[in-house]
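Residue numbers (our numbering): 970 to 1330. All residues carry an ideal CB built from backbone N, CA and C; glycine is no exception.
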Ligand SMILES: Nc1nc2c(ncn2[C@@H]2O[C@H](COP(=O)(O)OP(=O)(O)OP(=O)(O)O)[C@@H](O)[C@H]2O)c(=O)[nH]1
Ligand SMILES: [Mg+2]
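1) Rounding to the nearest angstrom, what Cα-Cα distance links residue 1279 and residue 1235 in this structure?
2) Could you tell me if the beta carbon of residue 1147 falls within a distance shorter than 7 Å of some heavy atom in ligand 2?
3) Report the option in 1133, 1127, 987, 1169 whose CA atom is closest to the CA atom of residue 1140.
4) For residue 1186, verify whether its CB is less than 7 Å away from any heavy atom of ligand 2.
5) CB-CB under 7 Å to residue 1085, same chain, minus the five flanking residues each way: which ones, in chain order?
6) Do you know whose CA, among 1121, 1051, 1159, lies nearest residue 1078's CA?
7) Can we count residue 1302 as close to ligand 1, meaning its CB is less than 7 Å from some heavy atom?
8) Candidates 1130, 1126, 1125, 1098: which alpha carbon is nearest residue 1115's?
9) If we call anything under 8 Å between Cβ atoms a contact, is residue 1215 one with residue 1167?
10) Leaving out the 5 sequence neighbours to the left and right, which residues in its chain are closer than 6 Å to residue 1308 when beta-carbon positions are compared?
11) Kindly list the residues whose CB is nearer than 7 Å to the CB of residue 1148, restricted to its own chain and excluding five residues on each side of it in sequence; keep chain order.
12) In whole angstroms, what separates the C-alpha of residue 971 from that of residue 989?
13) Taking 7 Å as the line, does the beta carbon of residue 1211 fall inside it for any heavy atom of ligand 2?
14) Let me check one thing: in DSSP terms, what residues is residue 1023 bridge-paired to?
15) What's the call for residue 1037, buried or exposed, on a 16-neighbour Cβ count within 10 Å?
16) Going by other Cβ atoms of all chains shown within 10 Å of its Cβ, with 16 needed for buried, is residue 1323 buried or exposed?
17) Hey, how far is the Cα of residue 979 from the Cα of residue 1118?
18) Tell me whether residue 1221 is buried or exposed, calling it buried when 16 or more other Cβ atoms sit within 10 Å of its Cβ.
19) Taking 8 Å as the threshold (C-beta atoms), are residue 1270 and residue 1251 in contact?
20) Could you tell me the boundaries of the beta strand (DSSP E) in which residue 1282 lies?
21) Do you know offhand how far residue 1201's Cα is from residue 1178's?
22) Determine the burial state of residue 975: buried for a count of at least 16 other Cβ atoms within 10 Å of its Cβ, exposed for fewer.
23) Run the proximity test for residue 1277: is its beta-carbon closer than 7 Å to any non-hydrogen atom belonging to ligand 1?
24) In whole angstroms, what separates the C-alpha of residue 1242 from that of residue 1005?
25) Taking residue 1076 as the reference, which of 1055, 1238, 1109 has the closest Cα?
26) Go to residue 965, then tell me how far its alpha helix (DSSP H) extends in each direction, as first and last residue.
27) Report whether the distance from the Cβ of residue 1221 to the nearest heavy atom of ligand 2 is below 7 Å.
28) In terms of residues, what are the limits of the alpha helix (DSSP H) holding residue 983?
29) By Cβ distance below 6 Å, which residues in the same chain neighbour residue 1325 in space, the five residues on each side in sequence not counted?
30) Can you say whether residue 1188 is buried or exposed, counting buried as having 16 or more other CB atoms within 10 angstroms of its CB?
31) Taking the DSSP output, what are the residues bridged to residue 1138?
32) Would you say the beta carbon of residue 937 comes nearer than 7 Å to a heavy atom of ligand 2?
33) Let me know the secondary structure DSSP gives residue 1273 once reduced to three states.
34) From the DSSP output, in three-state form, read off residue 1001 for me.
35) So what's residue 1112 in DSSP terms, helix, strand or just coil?
36) Taking 8 Å as the cut-off, decide whether the C-beta atoms of residue 1245 and residue 1138 are in contact.
Okay, here's the thing in structure tokens:
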């Protein structure tokens, strides 16, 4: 008996090689998909490893006795038929695995990219999985999905508000939902946490902006202070001295306007100890979000809020941004209703959205 292993591109190529080297009597003992070792193997097509065997004593005697030994011929015919069946089975199995041929993680890479995860980040995550689990022969889809969820979850930083937080400021580009988010939080802290809440608005750019917040303040009976210059800030804070929580609204800034950003910075410097939220919309492209973050860096924001999760189908941008800023997400908002459409950021839930395992409810 002679046994030999062949590592080939596909079954057909393997069969030809086996036939050439071992003769038509060779039978296939085992065939499996294998991946090249190392990084190269991550996206390279899978190879086929075929173990074939041939009974060498039979090979020799078959040639010598062929003209007279009809039962032997019969056996060979049967073996060839079996061989053909085996090849057919292998070919159909190979077709089923055609996606896998592009690499076992190709499909998952595609899934992450389809959900707007930055390709470089997607590749880094999958390379990590590949390295951690290189020893495992074949991971089932279910297992890969669980590992992926864990890897994404590890990167989605979330952090609840600290107990002692008293001043919360909301900054960000125009129209992302700063005022609405502030109103949601004000109502929730007042209603559900029995906090004495006050508001400050330094949104003096837009006509009607002060009125928007004043309307919410009137409905909830909360005091509101309008601040026109950074110098007015201490007085406003003093007026709200009895408040346990002060929420500060700011005008949406075009982050490309560095004058506006510097001005915003001086307002925030007048509020030491402020928890400053950069409010971003989940509907904004990653590239634009990265630029916005860069432009707002001067203002020392230390947390983020993503709004309008209800207005998009893909959530990869959240992962890209949290990963890039290394700053935590504290809240996400999911609609226009005040105060209902806001949630504490939950890494478990967000990673399912990012991976497209769950849709936003
Ligand atoms: N669908 C959806 N709409 C939202 C959400 N949050 C806010 N909005 C809407 O977005 C629009 C703008 O909201 P604002 O709160 O005025 O935004 P802003 O950031 O304060 O805007 P400026 O002060 O002009 O910069 C409003 O129509 C809100 O109802 C959300 O989570 N989902
Ligand atoms: Mg506003």
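Concretely, from the data shown:
1) 34 Å
2) yes
3) 1169
4) no
5) 1255, 1283, 1285, 1286
6) 1121
7) yes
8) 1098
9) yes
10) 1153, 1156, 1157
11) 1181, 1182, 1218
12) 14 Å
13) no
14) 971
15) Because the pLDDT of residue 1037 is 46, which lies under 50, any placement of that residue in the model is unreliable, and the question is left without a value.
16) buried
17) 33 Å
18) buried
19) no
20) Taken as a continuous stretch (DSSP letters only), residue 1282 belongs to no beta strand (DSSP E), as it is neither H nor E.
21) 18 Å
22) buried
23) yes
24) 54 Å
25) 1109
26) This structure cannot speak to residue 965, because the chain is shown only from 970 to 1330.
27) yes
28) 980 to 991
29) 1084
30) exposed
31) 1217, 1245
32) The structure shown does not extend to residue 937, since the chain spans only 970 to 1330, so no value can be given for it.
33) strand
34) strand
35) helix
36) yes
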